[in-house]
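Before any comments, here is the structure.
Numbering (the working numbering), first residue to last: 687 to 897.
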């Protein structure tokens, strides 16, 4: 499974929305609770994606910082899910099936995928519902972060600035296309962060645990 681009998404999504037996509330987002149990599961996945293990983190400061980051991810997800509902953003059954098929391909067999779902507290029907929320949230974020593409003069200026770092054997047309992609990705990343900041500012978020 090494090198499969779906693996990070699979791991990141295998955090249940609601699990029986959860106790305690980590945060509340516009009246919707994020349980301590859900945070602990997401935190484990968050560390896994970064290639870290809880037992290997010696610094309490680093541990608390990472856990704050994991909680912020859950808060942002909840804000985006709620915004998707407000804007009427939906994801079709066909899109869900296509995404699910891609994720299943990251596993050696269907049984492996089913075990991963079960370990995360899901059956396939429940996971499809969760995946619908996740993809809708991503779609909302991209819509909110919509930015104008870089202009020709901006691409040319960046190309001249970055030229020493580019492959000298690459022709200018190809190199400028890569520069354009780089600038567009930068703008989208900034736009997404600004969109999240706006949602955070508009929403009511109460963090109920000390981190």
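For glycine and all other residues, C-beta sits at the position ideal for the given N, C-alpha and C.
Would you list the one or two residues that DSSP bridges to residue i?
i           : result
residue 892 : 714
In chain order, what residues of the same chain have a beta carbon less than 8 angstroms from the beta carbon of residue i, not counting five sequence neighbours either side?
i           : result
residue 821 : 777, 781, 782, 785
residue 707 : Low confidence applies here, because residue 707 scores a pLDDT of 37, under 50, leaving its location unreliable; read the following figure in that light. Around residue 707: 723.
residue 859 : none
residue 739 : 733
Nearest by alpha-carbon distance to residue i: which of the options is it?
i           : options            : result
residue 763 : 796, 724, 894, 833 : 724
residue 736 : 722, 752, 779, 746 : 752
residue 771 : 854, 818, 894, 859 : 818
residue 816 : 714, 896, 726, 779 : 779
residue 897 : 716, 755, 734      : 755
residue 878 : 832, 849, 714      : 832
residue 718 : 745, 766, 726      : 766
residue 828 : 863, 810, 871, 811 : 871
For residue i, does the three-state DSSP call read helix, strand or coil?
i           : result
residue 847 : helix
residue 743 : coil
residue 783 : helix
residue 815 : helix
residue 795 : coil
residue 687 : Since pLDDT at residue 687 reaches only 44, below the 50 mark, its modelled position is unreliable, and no value is offered.
residue 839 : helix
residue 809 : coil
residue 719 : strand
residue 832 : coil
residue 874 : helix
residue 708 : Here the model assigns residue 708 a pLDDT of 41, short of 50, so the residue's position is not dependable, and the following value carries that caveat. The answer is coil: DSSP assigns residue 708 none of H, G, I, E or B.
residue 737 : coil
residue 757 : helix
residue 857 : coil
residue 880 : helix
residue 752 : helix
residue 865 : helix
Got a sec? Which residues, its chain only, sit under 7 angstroms from residue i by beta carbon, not counting five neighbours each side?
i           : result
residue 869 : 836, 840, 841, 844
residue 861 : 845, 852
residue 749 : 743
residue 773 : 826
residue 890 : 716
residue 810 : 803
Who are the near neighbours of residue i in its chain, counting only those whose CB is closer than 6 angstroms to its CB and skipping five residues on each side?
i           : result
residue 760 : 720, 728
residue 775 : 822, 825, 826
residue 813 : 803
residue 873 : 833
residue 895 : 712
Could you check if residue i belongs to the surroundings of the ligand GTP, using beta carbon to heavy atom distance under 7 angstroms?
i           : result
residue 810 : The ligand GTP is not among the ligands present in this structure, which contains no ligands whatsoever.
How many whole angstroms separate the CB atoms of residue i and residue j, which I take to be in contact at a CB cut-off of 8 angstroms?
i           : j           : result
residue 892 : residue 713 : 6 angstroms
residue 830 : residue 887 : No, residue 830 and residue 887 are not in contact; Cβ-Cβ is about 13 angstroms, not under 8 angstroms.
residue 848 : residue 769 : That pair is no contact at about 35 angstroms.
Please report whether the beta-carbon of residue i lies at a distance below 8 angstroms from any beta-carbon of chain D.
i           : result
residue 872 : Reference to chain D is not applicable here, since this structure consists of a single protein chain.
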